[in-house]
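S.K.:
Chains as they are written, first to last, in this note's numbering: chain A, 1 to 201; chain B, 202 to 402.
Given below as structure tokens:
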């Protein structure tokens, strides 16, 4: 005996989600089968609602609800001169949480990774260049992840954007605040040394 | 900025599932927002379909589709004399895979764990006793998990069932096939010694 097709379909659909393996998918499916129907319906409805209501901002590819442009692009108080480039829409929430940035964003929807089939054409690079050409942008802050793909993406964007006469910067790598030199890996510590800033001036 | 209510609702609904933490829930939600709408709809529909079509068997509390009794209870080729008691419906699939058991099942829908609020009344123990009283059952094989809760459940069931004149057995604990004595924990090895069987007779 194996599962009925309905149960198997439920397990399979969960198994297709990222980070959910076959065992987790089975666990979740059985949880839902046992759960009150209204709980399951609420999850089902949340999925459909999100797909119906949420789209991507036409300008920056952030998530957008109730409009062609996202809430940040529509906000006249945000500085137009600065654009922070991130890999994914989630990263915007992380940057916003710092309350250090009052400009706008551009979501690449990924990072350069030819081995995974993600080239420049799969990213929103062309759209970024169009924005730099059309909007009043003075500085592009590249906030892709400090890993192999993110660094490659940053190098690539710098190559494309600098000739357009815009300032291109990269967020700093270094020791996390509250971190410990003793436990830092050599790459991070190397970056921290490289990116050192003058003090007491 | 945080997420819009629709996106937050999607994240929250996934976060309520077992084994999915806040970060995973966010990851899954963003995956679905980016995925083709038909993929998201398929997941949503699989949930609703499963809740509509799948119920619990009235006799053994296995999952049942298209009937009041499950496929195993309805199958006349299954032996009525033996009942294998498991904690969850998933466990039936595990036992069936062995092809060693041709009897029927009884799903307790949990294990005895007073600290989690699961007492005898929360389990399908009364229903099992009714079956032992009414059906032609000769042996009850207790296949609850070999952990604290499962063992407690087994002890409890044995106490209830033995006075009813039925044979009560417990699946063996011991070294897994292909395992290594050197790496076995002392409890498992202790059980393996305790449950030793005569060879060469």
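We treat Cβ as the ideally placed atom computed from N, Cα and C, and that holds for glycine.
For residue 5 of chain A, name the three-state secondary structure that DSSP assigns.
M.R.: In this structure, residue 5 of chain A counts as helix in the three-state DSSP scheme.
S.K.: Apart from the five residues on each side of it in sequence, which residues of its chain come closer than 6 Å, Cβ to Cβ, to residue 254 of chain B?
M.R.: Excluding residues within five positions, the ones whose Cβ falls inside 6 Å are 266.
S.K.: So, helix, strand or coil for residue 400 of chain B, using DSSP?
M.R.: Looking at residue 400 of chain B - three-state DSSP - the assignment turns out to be coil, as it is neither helix nor strand.
S.K.: Of all the alpha helix (DSSP H) runs that stay within the bounds of the stretch 37 to 79 of chain A, which reach a length of 4 or more residues?
M.R.: For the stretch 37 to 79 of chain A, whole alpha helix (DSSP H) runs of length 4 or above, ordered along the chain, are 37 to 53, 71 to 74.
S.K.: What are the boundary residues of the alpha helix (DSSP H) that residue 330 of chain B is part of?
M.R.: Element bounds for residue 330 of chain B: 326 to 335.
S.K.: Considering Cα atoms alone, identify which of A:185, A:193, A:159, A:142 is closest to residue 171 of chain A.
M.R.: Taking only the C-alpha atoms, the option nearest residue 171 of chain A is A:142.
S.K.: Within the 9 Å Cβ cut-off, does residue 313 of chain B reach chain A?
M.R.: By this cut-off, residue 313 of chain B is not an interface position.
S.K.: Give me the chain B residues within the contact set of residue 128 of chain A, using Cβ-Cβ distance strictly less than 8 Å, ordered along the chain.
M.R.: Within chain B, no residue comes near residue 128 of chain A; the closest Cβ sits about 18 Å away, beyond 8 Å.
S.K.: Verify whether the separation of the beta carbon atoms of residue 283 of chain B and residue 303 of chain B is less than 9 Å.
M.R.: The answer is yes: Cβ separation under 9 Å.
S.K.: Can you tell me where the alpha helix (DSSP H) holding residue 151 of chain A begins and where it ends?
M.R.: From DSSP, the alpha helix (DSSP H) with residue 151 of chain A extends over 148 to 161.
S.K.: Residue 151 of chain A to residue 135 of chain A, Cα distance in whole Å?
M.R.: Looking at the two C-alpha atoms, the distance is approximately 25 Å.
S.K.: Beta-carbon within less than 7 Å of residue 385 of chain B's beta-carbon, same chain only, minus the 5 sequence neighbours each way: which residues are those?
M.R.: Same-chain partners within the cutoff: 376.
S.K.: Please tell me whether residue 248 of chain B has its Cβ less than 9 Å away from any Cβ of chain A.
M.R.: Chain A, which has a Cβ nearer than 9 Å to the Cβ of residue 248 of chain B, makes this yes.
S.K.: The beta strand (DSSP E) that contains residue 105 of chain A, what's its start and end?
M.R.: Its beta strand (DSSP E) spans residues 104 to 107.
S.K.: Chain B beta carbons: is any one of them nearer than 9 Å to that of residue 89 of chain A?
M.R.: Closer than 9 Å: yes.
S.K.: If you run the structure through DSSP and keep just helix, strand and coil, what is residue 81 of chain A?
M.R.: Of the three classes helix, strand and coil, the one that applies to residue 81 of chain A here is coil, per DSSP.
S.K.: In angstroms with no decimal places, state the Cα-to-Cα distance between residue 39 of chain A and residue 247 of chain B.
M.R.: When rounded, the distance between both Cα atoms is 14 Å.
S.K.: To the nearest angstrom, how far is it from the Cα of residue 370 of chain B to the Cα of residue 340 of chain B?
M.R.: Between residue 370 of chain B and residue 340 of chain B, the C-alpha separation is close to 7 Å.
S.K.: Taking CB distances under 9 Å as the criterion, tell me whether residue 297 of chain B reaches chain A.
M.R.: Closer than 9 Å: yes.
S.K.: Rounded to whole angstroms, how far is the Cβ of residue 48 of chain A from the Cβ of residue 204 of chain B, which I believe are closer than 8 Å?
M.R.: Rounded, the Cβ-Cβ distance is 17 Å, inconsistent with contact.
S.K.: Please look up how many angstroms separate the CB atoms of residue 251 of chain B and residue 6 of chain A, rounded, as I've assumed it's under 8 Å.
M.R.: With 8 Å as the limit, residue 251 of chain B and residue 6 of chain A qualify as a contact, their Cβ atoms being about 5 Å apart.
S.K.: Whose CA, out of A:10, A:32, A:15, lies closest to the CA of residue 218 of chain B?
M.R.: Nearest of A:10, A:32, A:15 to residue 218 of chain B, Cα basis: A:32.
S.K.: Name the two residues that bound the continuous beta strand (DSSP E) containing residue 170 of chain A.
M.R.: Start and end: 167 to 170.
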